[in-house]
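For the numbering used here, count along the sequence shown from 1 and bump the result up by 259. Backbone N, C-alpha and C define an ideal beta-carbon position, used for all residues, glycine too.
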Amino acid sequence: MNEIILLKLGEVVLKGLNRRSFEDRLNANIRRRLQHYGSFRVYSKQSTIYVEPQSGDCDLEGAYGACRQVFGIVAATRARACPKDKDAVFHCARSYLDQALRSARTFKVETKRADKHFPMNSMEISQYVGGLLHDAYPHLKVDVHKPELCVHVEIREKAAYVHGPSQPGAGGLPIGMGGTAVSLLSGGIDSPVSSYMIAKRGVQLELVHFFSPPYTSPQALEKVEKLARELTPWCGRMKLHIVPFTEIQEAIRRDCPEDHFTLIMRRFMMRLAEAVARRTGAKALVTGESLGQVASQTMDALAVSDQVCTLPVLRPVIGMDKTEIIAISRRIGTFDTSVLPYEDCCTVFTPRHPKTHPHLDEVLAYEQALDTEGLMERAMAGIERRTISMES
């Protein structure tokens with residue numbers, strides 16, 4: 260029988276009466292993710308998703324890597340199927356895991372018997388297959404506690420499956436089951452990580468980026484598009500809304516006190532992001548703010564920023580320090596792009612002494628000098644939208 264991929268479900272198994280809808284969405288996400296790797300049959304049985312190649316030209320290695328990045332999968336393994344017969348299981352293990360068996364010094368066989376009609380129980384299968392493998396590889400010693408190699412046998416409804424250790428999956432919940440949110444994406448380290456983390460909770464993302472030419476360069480925009488593409492293996496295809504922000508920043512610099520530049524700029528960003536959310540049907544905003552990291556991220560400053568919003572503002576990295584955020588960015592593949600030296604609009608007109616504990620009444624008074632409605636209308640009218648996918 261052919262080699263296949265077995266995927267183990269995580270939180271989805273806890274979903275009770277609506278579990279089926281989670282599994283259906285997860286299977287659909289996997290099928291969509293595998294389109295570029297060949298023709299695969301994807302189906303669920305007994306808390307396991309089976310990914311079966313339908314032709315010999317399927318890229319199984321590429322498909323395996325892609326499956327591990329699909330939210331909702333907690334573990335993945337490549338396996339070989341064989342008839343549900345104890346001797347067939349032994350011969351399958353010997354041929355499929357031969358190189359690993361030759362290299363290891365200690366091993367054990369671990370069996371799961373999902374098909375309770377099979378005449379041997381899990382312990383009996385493990386002892387039988389383990390004994391024959393020990394005879395075939397005399398150098399191996401049995402170690403049931405910390406073996407170098409664990410040979411896994413699964414007796415399931417359709418066939419028996421043999422594989423080595425599983426690899427971790429992305430975890431979380433299937434994209435699309437948590438609704439849609441607008442994520443503010445800058446060119447820094449934090450916002451791609453926050454986008455990844457909220458997508459892990461099953462949220463489909465619309466991305467918003469604020470672009471301020473000539474103060475920010477075309478390379479800065481290219482950097483943000485690259486970050487968005489680097490998120491697509493995890494988050495799927497997304498729409499990037501590029502908001503022209505130059506006029507707003509120039510008006511703030513001209514008419515508002517310098518120490519309030521960043522704070523009032525953030526309020527405009529939140530207004531515009533919420534306007535995009537209303538237009539796209541999103542139910543929340545997502546930012547990469549970490550408490551106390553910079554002047555605009557104190558409790559007082561965040562409260563003043565949020566005052567312009569009616570939608571929930573989600574901040575996945577709010578309690579993380581920079582080291583923790585960087586570790587995630589390296590793991591998901593965005594760090595090297597985030598540190599490229601192309602600055603975004605958040606660094607334009609940065610005040611020398613920003614206000615860290617602002618008062619809302621003062622901010623509202625300063626904003627009276629601005630044509631907030633006109634600035635918003637012109638920014639929304641100038642939005643450019645780009646579809647971001649792994650192929651774009």
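Just to check my reading of the structure: residue i and residue j have Cβ atoms closer than 8 Å, yes? What is that Cβ distance to the nearest angstrom?
i	j	result
Ala-359	Asn-261	The pair is not a contact, with the Cβ atoms about 19 Å apart (cut-off 8 Å).
Asp-559	Pro-610	In fact, because the Cβ distance is near 16 Å, the residues do not count as touching under 8 Å.
Ala-287	Gly-428	In fact, because the Cβ distance is near 17 Å, the residues do not count as touching under 8 Å.
Gly-331	Pro-433	4 Å
Arg-645	Gly-435	Their Cβ separation, rounded to whole angstroms, is 21 Å, which puts Arg-645 and Gly-435 out of contact at 8 Å.
Leu-356	Ile-308	Going by Cβ atoms, the distance from Leu-356 to Ile-308 rounds to 22 Å, so no, they are not a contact pair.
Val-388	Phe-349	5 Å
Ala-373	Arg-337	Between Arg-337 and Ala-373 the Cβ distance is about 19 Å, and since that is not below 8 Å, they are no contact.
Thr-370	Val-412	4 Å
Ser-549	Ile-577	6 Å
At the level of alpha carbons, what is the spacing between residue i and residue j?
i	j	result
Arg-327	Ile-642	35 Å
Gln-220	Gly-324	Nothing in the structure corresponds to residue 220, since the chain is present only between 260 and 651.
Val-572	Asp-565	7 Å
Glu-484	Gln-508	22 Å
Glu-311	Val-410	21 Å
Arg-537	Glu-602	28 Å
Ala-395	Pro-342	21 Å
Val-333	Asp-514	52 Å
Arg-460	Asn-277	16 Å
Tyr-474	Thr-439	31 Å
Gln-463	Cys-494	7 Å
Val-553	His-519	14 Å
Glu-489	Glu-465	15 Å
Tyr-625	Arg-512	12 Å
Pro-600	Gln-478	9 Å
Gly-446	Ser-597	6 Å
Ile-263	Ser-314	12 Å
Ala-352	His-422	8 Å
Ser-453	Gly-430	16 Å
Met-379	Gly-437	42 Å
Ser-298	Arg-292	11 Å
Thr-631	Phe-608	19 Å
Go through its chain and collect everything with a Cβ distance to residue i's Cβ below 7 Å, but skip five positions before and after it.
i	result
Arg-530	Val-567 and Met-635
Ile-585	Ile-448 and Phe-594
Leu-652	The requested residue 652 does not occur in the structure, where the chain is confined to residues 260 to 651.
Gly-321	Tyr-296
Ser-381	Thr-370, Lys-371 and Arg-372
For residue i, write down the residues that DSSP places opposite it in a beta bridge.
i	result
Pro-503	Phe-470
Ser-303	Ile-308
Gln-426	Ala-335
Met-579	Note: Met-579 sits in no beta bridge, so no partner.
Thr-596	BP columns for Thr-596 are empty, so no partner.
Phe-366	Val-401 and Leu-408
Tyr-420	Ala-340 and Glu-413
Leu-265	Tyr-309 and Thr-336
Ile-464	The question names Ile, but residue 464 in the sequence shown is Leu. According to DSSP, which records beta bridges pairwise, Leu-464 is partnered with Ala-440.
Val-572	Leu-544
Ile-647	Met-497
Leu-490	Note: Leu-490 sits in no beta bridge, so no partner.
Lys-371	Glu-413
Leu-432	Arg-460
Taking 9 Å as the CB-CB limit, is residue i close to chain B?
i	result
Ser-476	Reference to chain B is not applicable here, since this structure consists of a single protein chain.
Only counting the same chain, and skipping five residues up and downstream in sequence, which positions put a Cβ closer than 8 Å to that of residue i?
i	result
Leu-480	His-468, Phe-470 and Ile-501
Leu-522	Ser-555, Ala-560, Val-563, Ser-564, Pro-613, Lys-614, Pro-617 and Val-622
Ala-628	Asp-514 and Cys-515
Val-272	Arg-278 and Ser-306
Is residue i near the ligand MN, going by C-beta to nearest heavy atom under 8 Å?
i	result
Glu-602	Ligands are entirely absent from the displayed structure, and the ligand MN is therefore not among its contents.
Enumerate in chain order the residues of its own chain whose CB-to-CB distance from residue i is below 6 Å, with the five nearest sequence positions on each side excluded.
i	result
Leu-268	Ser-306
Lys-274	Phe-281
Thr-546	Leu-443 and Arg-574
Val-301	Asn-286, Ile-289, Arg-290 and Val-310
Glu-407	Ala-363, Arg-364 and Thr-365
Lys-417	none
Leu-499	Leu-466, Ala-487, Arg-645 and Ile-647
Restricting to runs no shorter than 4 residues, where is the alpha helix (DSSP H) found entirely within the region 435 to 460? 449 to 458
Along the chain, which unbroken stretches of the beta strand (DSSP E) at least 3 residues long are found entirely within the region 495 to 570? Listed in chain order, they are 497 to 503.
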